[in-house]
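Peer 1: Residue numbers (the working numbering), protein chains in the order written: chain A, 1 to 215; chain B, 216 to 626. All residues carry an ideal CB built from backbone N, CA and C; glycine is no exception. Keep in mind the model is a prediction, meaning the values are calculated, not measured. Shown below is the structure under consideration.
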Amino acid sequence: MRKLIAPLALSCITLFPAHADEIKLEKFQVDTSVIAVERGVDAFMNACHGCHSLKYVHYRDLADFGIDKDRITAWRGDSTLDSAMASLLSDEAALQSFGKVPPDLSMMVRAREGGAGYLYSYLTGYYLTPDGKTSNHFFPLTKMPDALEISTATDPVKRSRILEQAHDIVSFLFWAADPHEAERETLGYYVIGYLIILTVLLYNVKLQVWSRLKA
Amino acid sequence: MANKIINWIDLRFPLTSFIKHELTDYPTPRNLGYWWNFGFLAGFVLMLQVLTGLFLAFHYKPDAAIAFDSIQHIMRDVNYGWLLRYMHATGASAFFLVIYVHMARTLYYGSYRAPRELMWWTGQGLLLLLMATAFMGYLLPWGQMSFWGATVITNLFRATPFIGDQVVVWLRGDYAVGDDTLTRFFALHYLFPFLIIGAVVVHLVALHSVKSSNPSGIDLADKDNIPLHPYYTSKDFFGLGVFLIVYFIVVFYFPHSVLEAANNVPANPLITPDHIVPEWYFLPFYAILRSVPNTVGGVAAMGLSVMIFAFMPFLDRSRIPGGGRYRPVYRIMFFAFMLDILVLGYVGYVPPTSKTIAIGQVATFYYFGSFLLLPLVSKAEDRWLFKRGLPTKIKDLIASEEEEKKKRRQR
Numbered sequence: 001m002r003k004l005i006a007p008l009a010l011s012c013i014t015l016f017p018a019h020a021d022e023i024k025l026e027k028f029q030v031d032t033s034v035i036a037v038e039r040g041v042d043a044f045m046n047a048c049h050g051c052h053s054l055k056y057v058h059y060r061d062l063a064d065f066g067i068d069k070d071r072i073t074a075w076r077g078d079s080t081l082d083s084a085m086a087s088l089l090s091d092e093a094a095l096q097s098f099g100k101v102p103p104d105l106s107m108m109v110r111a112r113e114g115g116a117g118y119l120y121s122y123l124t125g126y127y128l129t130p131d132g133k134t135s136n137h138f139f140p141l142t143k144m145p146d147a148l149e150i151s152t153a154t155d156p157v158k159r160s161r162i163l164e165q166a167h168d169i170v171s172f173l174f175w176a177a178d179p180h181e182a183e184r185e186t187l188g189y190y191v192i193g194y195l196i197i198l199t200v201l202l203y204n205v206k207l208q209v210w211s212r213l214k215a
Numbered sequence: 216m217a218n219k220i221i222n223w224i225d226l227r228f229p230l231t232s233f234i235k236h237e238l239t240d241y242p243t244p245r246n247l248g249y250w251w252n253f254g255f256l257a258g259f260v261l262m263l264q265v266l267t268g269l270f271l272a273f274h275y276k277p278d279a280a281i282a283f284d285s286i287q288h289i290m291r292d293v294n295y296g297w298l299l300r301y302m303h304a305t306g307a308s309a310f311f312l313v314i315y316v317h318m319a320r321t322l323y324y325g326s327y328r329a330p331r332e333l334m335w336w337t338g339q340g341l342l343l344l345l346m347a348t349a350f351m352g353y354l355l356p357w358g359q360m361s362f363w364g365a366t367v368i369t370n371l372f373r374a375t376p377f378i379g380d381q382v383v384v385w386l387r388g389d390y391a392v393g394d395d396t397l398t399r400f401f402a403l404h405y406l407f408p409f410l411i412i413g414a415v416v417v418h419l420v421a422l423h424s425v426k427s428s429n430p431s432g433i434d435l436a437d438k439d440n441i442p443l444h445p446y447y448t449s450k451d452f453f454g455l456g457v458f459l460i461v462y463f464i465v466v467f468y469f470p471h472s473v474l475e476a477a478n479n480v481p482a483n484p485l486i487t488p489d490h491i492v493p494e495w496y497f498l499p500f501y502a503i504l505r506s507v508p509n510t511v512g513g514v515a516a517m518g519l520s521v522m523i524f525a526f527m528p529f530l531d532r533s534r535i536p537g538g539g540r541y542r543p544v545y546r547i548m549f550f551a552f553m554l555d556i557l558v559l560g561y562v563g564y565v566p567p568t569s570k571t572i573a574i575g576q577v578a579t580f581y582y583f584g585s586f587l588l589l590p591l592v593s594k595a596e597d598r599w600l601f602k603r604g605l606p607t608k609i610k611d612l613i614a615s616e617e618e619e620k621k622k623r624r625q626r
């Protein structure tokens, strides 16, 4: 509601420095089809899951969404179907390697202003500085290494494959932040459709009742 | 058989006479516009909040260690938990929107004038209760904005003379906002709606004693009154349908517009968000708080900015009824005041810069100025309008109001 009222006011409510405001975010169209999310989980398991957990997402949720059971079995390894998609990296080990515990990604799309667009821009925003270090356009202070290796990719085919991967990962994370989104949008049509019919009927009731007054 | 049962009840409880007195025979002015729908809508949203809140409380855990997780449990695992939570969160915003329209209507049409001062004051009390309830409810998700919002606002009570520090500890139950604060805010967030229901009953008893105001600003003759049921019940239900369509469009398609991104990060006392903003319905008051350079002064100004509405029956010195409808100067003041509130809301929303602070200070002056100058302006306007010659229609209104007043005094 607040955004409806103050649409012009661009926000800077992030826990991290608001560099996202200074550089234009990439336009991002989420694709939450089962195929795209499945590709996203695959890319996520390869590139992110080594360090990042999804403590609110369970392997069973993937199966409920319609993702191939055999692939889920391959991803989860020894974990049960009911367990959360927790990373194997311990907090202590993470602190030692990165100086910071990698944040849980279950809500990440909803936890940053700019949402999916910000995440996509961030993932693909790595570049090499003139002195050969890796930095990020959108979050220069990040402790995360360039997991998708876009900063060193020069081959256009490889680059576009990395962009697709980032797209799939963000689509998956978008789904993970609010798994009931599709259900919500479908239910909305029925509820609002019902209400429109009801309101038209109520308006006619009102007209009929009030018409008695004119006599 | 049905008649027999009703007769049996009527001998023991005034059921039929109550329905007759408060519904089917209850007189309402026939000229009420759709702005008069919002009282009914406020009552409806109250019930909606109580019901969705009850079901949320079945699954919520007011414990700092697991509160955030329990919200995600509601969002992901509880059947239609996401719907309950989005309805409750959107409902809070809808409640304020409806109440603000309800208040704006009262101000525009001068409905706070005699004999409806008690309606206005009980309404003012309801607004305070609603604000407290909303504020405490916002802590419960235990996200970053919950935590820091509660920290900032409870900290304001340090401005209390002499015992400020003790008051803050007393409110928080600890030296900082923490588990004790969360648990007590949950208990109070559950209690306050019942206080609101009680105050609504008082508000309605007062209403049914003085009856609804209407755009003319005076009490109409009996022939111009119609029964509440079925006329206004049918109109209210149509209005409710329109309201629900808008409400559910937000619930189903824009639910994140009422939820802060920063509040999807668990509360962390060690990391302060860059920019702490309250919910949209507190923004104008927050802007007034920030406009005063001194903390105590800012808190006093903010408190006064909410409470000053209560003085309206004394500040408005005009003899002409109907508020903005028949009074051009008052009408301009009303719309300028609405604009001023929007400006304050914007200033409260953006991170403070020297420019927005200056705009905020001007808007704050204007805010209080429009109340403090009202006695003079309304008196001058009154004199000017009388000198110019009132239309006979308004003269008749004033004459009949005087007559009403005389009758009331005799009673």
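Using the rule of at least 16 other Cβ atoms within 10 Å of the residue's Cβ for burial, across every protein chain shown, is Trp251 of chain B buried or exposed?
Peer 2: Buried is the call here.
Peer 1: Spatial neighbours of Ile503 of chain B within its chain, please: CB distance less than 6 Å, with the 5 preceding and 5 following residues excluded, ordered by chain position.
Peer 2: So the qualifying residues of the chain are Ala516, Met517, Ser520, Thr579.
Peer 1: Per DSSP, which one or two residues make a beta bridge with Asn629 of chain B?
Peer 2: Given a span of 216 to 626 for chain B in the structure shown, any question on residue 629 of chain B remains unanswerable.
Peer 1: When you check each C-beta in the stretch 418-452 of chain B against every C-beta of chain A, which residues fall closer than 7 Å?
Peer 2: Listed by position, the residues of the stretch 418-452 of chain B near chain A (Cβ gap below 7 Å) are Ile441, Pro445, Tyr446, Ser449, Lys450, Phe452.
Peer 1: For Leu54 of chain A versus Leu88 of chain A, is the C-beta spacing smaller than 8 Å?
Peer 2: For Leu54 of chain A and Leu88 of chain A, no; Cβs fall outside 8 Å.
Peer 1: What span of residues does the beta strand (DSSP E) with Leu105 of chain A cover, start to end?
Peer 2: First-last for Leu105 of chain A: undefined, no H or E at that position.
Peer 1: Against chain A, with Cβ distances strictly below 8 Å, would Ile289 of chain B count as a contact?
Peer 2: Chain A, which has no Cβ nearer than 8 Å to the Cβ of Ile289 of chain B, makes this no.
Peer 1: If the cut is a Cβ gap below 7 Å, which residues of chain A does Ile464 of chain B touch?
Peer 2: In chain order: Ile192.
Peer 1: Is it a yes or a no for the stretch 293-304 of chain B touching the stretch 482-496 of chain B, going by three-plus beta-carbon pairs under 8 Å?
Peer 2: The answer is no - the stretch 482-496 of chain B does not touch the stretch 293-304 of chain B, with fewer than three Cβ pairs under 8 Å.
Peer 1: Nearest by alpha-carbon distance to Ser527 of chain B: which of B:Pro229, B:Tyr295, B:Asp278, B:Tyr327 is it?
Peer 2: According to the sequence provided, residue 527 of chain B is Met. The question's Ser does not apply to it. Nearest option by C-alpha distance: B:Tyr327.
Peer 1: What residues from chain A crowd round Ile535 of chain B, counting only those whose CB sits closer than 9 Å?
Peer 2: By Cβ distance, chain A contributes nothing, its closest Cβ being about 28 Å from Ile535 of chain B, past 9 Å.
Peer 1: From A:Lys24, A:Gly132, A:Val30, A:Tyr189, pick the residue whose C-alpha is nearest to that of Trp175 of chain A; which is it?
Peer 2: Considering only alpha carbons, the answer is A:Val30.
Peer 1: Can you pull the chain B neighbours of Tyr59 of chain A, defined as C-beta to C-beta under 7 Å?
Peer 2: The premise fails here: Tyr59 of chain A is roughly 14 Å from chain B at the closest Cβ pair, so nothing lies under 7 Å.
Peer 1: Under the rule that 16 or more other beta-carbon atoms within 10 Å means buried, what is Phe311 of chain B, buried or exposed?
Peer 2: Burial call: buried.
Peer 1: Nearest by alpha-carbon distance to Leu238 of chain B: which of B:Ala414, B:Trp357, B:Ala309, B:Lys426 is it?
Peer 2: Nearest C-alpha to Leu238 of chain B: B:Lys426.
Peer 1: Taking Arg623 of chain B as the reference, give the member of B:Thr231, B:Ala329, B:Thr267, B:Asn222 with the closest Cα.
Peer 2: Nearest of B:Thr231, B:Ala329, B:Thr267, B:Asn222 to Arg623 of chain B, Cα basis: B:Ala329.
Peer 1: Quick one: what's got a C-beta closer than 6 Å to Glu475 of chain B's C-beta in the same chain, skipping five residues either side?
Peer 2: These residues qualify, in order along the chain: Met360.
Peer 1: DSSP has Tyr126 of chain A in a bridge; who is on the other side?
Peer 2: A:Asn136, per the DSSP bridge assignment.
Peer 1: Along the alpha helix (DSSP H) that carries Lys570 of chain B, what are the first and last residues, could you check?
Peer 2: First-last of the alpha helix (DSSP H) with Lys570 of chain B: 569-587.
Peer 1: Name the DSSP bridge partner or partners of Ala84 of chain A?
Peer 2: Answer is A:His58.
Peer 1: Just to confirm the assignment, what range does the alpha helix (DSSP H) spanning Gly352 of chain B have?
Peer 2: Run containing Gly352 of chain B: 332-354, per the alpha helix (DSSP H) assignment.
Peer 1: Just to confirm the assignment, what range does the alpha helix (DSSP H) spanning Arg320 of chain B have?
Peer 2: Run containing Arg320 of chain B: 296-323, per the alpha helix (DSSP H) assignment.
Peer 1: Answer with yes or no whether the minimum CB distance from Gly99 of chain A to chain B is below 8 Å.
Peer 2: No, because no Cβ of chain B sits closer than 8 Å to the Cβ of Gly99 of chain A.
Peer 1: Here's the rule: buried if 16 or more other CB atoms are within 10 angstroms of the residue's CB, otherwise exposed. What is Thr305 of chain B?
Peer 2: Buried: at least 16 other Cβ atoms inside 10 Å.
Peer 1: Tell me, to the nearest whole angstrom, how far the beta carbon of His58 of chain A is from that of Asp82 of chain A; I am working on the premise that it is less than 8 Å.
Peer 2: Going by Cβ atoms, the distance from His58 of chain A to Asp82 of chain A rounds to 6 Å, so yes, they are a contact pair.
Peer 1: Starting from the beta carbon of Leu81 of chain A, find every residue of chain B whose beta carbon is closer than 7 Å, and list them in chain order.
Peer 2: Going along chain B, no residue has its Cβ under 7 Å from Leu81 of chain A, so there is no contact; the nearest lies around 15 Å.
Peer 1: Say whether chain B places a C-beta atom closer than 8 Å to the C-beta of Tyr56 of chain A.
Peer 2: Yes, because at least one Cβ of chain B sits closer than 8 Å to the Cβ of Tyr56 of chain A.
Peer 1: Thinking C-beta only, is Pro179 of chain A closer than 8 Å to Asp61 of chain A?
Peer 2: The answer is yes: Cβ separation under 8 Å.
Peer 1: Between A:Tyr203, A:Gly99, A:Lys27, A:Arg71, which lies nearest to Gly40 of chain A when the distance is taken from Cα to Cα?
Peer 2: Closest option to Gly40 of chain A, Cα to Cα, is A:Arg71.
Peer 1: Tell me whether the stretch 450-469 of chain B and the stretch 271-291 of chain B touch, counting them as touching only if at least three CB pairs, one residue from each stretch, are closer than 8 Å.
Peer 2: As far as the Cβ criterion goes, the stretch 450-469 of chain B does not touch the stretch 271-291 of chain B, which means the pair count is below three.
Peer 1: Going by beta-carbon coordinates alone, are Leu410 of chain B and Leu344 of chain B separated by less than 8 Å?
Peer 2: Taking 8 Å as the Cβ cut-off, Leu410 of chain B and Leu344 of chain B qualify as a contacting pair.
Peer 1: How long is the line joining the alpha carbons of Val355 of chain B and His52 of chain A, rounded to whole angstroms?
Peer 2: Strictly speaking, residue 355 of chain B in this sequence is Leu, with Val absent from that position. Straight-line Cα distance between these residues: approximately 26 Å.
Peer 1: If you count every other CB in all the chains shown that lies within 10 Å of the CB of Thr14 of chain A, and 16 or more means buried, which is it?
Peer 2: Residue placement at Thr14 of chain A cannot be trusted, given a pLDDT of 33 that sits under 50; what the coordinates show is reported in the next sentence. Buried, since its Cβ has 16 or more Cβ neighbours within 10 Å.
Peer 1: I need the DSSP call for Gly537 of chain B, collapsed to helix, strand or coil.
Peer 2: Note: Gly537 of chain B maps to coil in three-state DSSP.
Peer 1: Could you check which residue in B:Phe458, B:Arg387, B:Pro430, B:Arg399 has the C-alpha nearest to that of Val220 of chain A?
Peer 2: An answer regarding residue 220 of chain A cannot be provided, because it is not within the stretch 1 to 215 covered by chain A.
Peer 1: Does the distance from the CB of Ala36 of chain A to the CB of Ser121 of chain A come in under 8 Å?
Peer 2: Result no, Cβ atoms of Ala36 of chain A and Ser121 of chain A do not sit closer than 8 Å.
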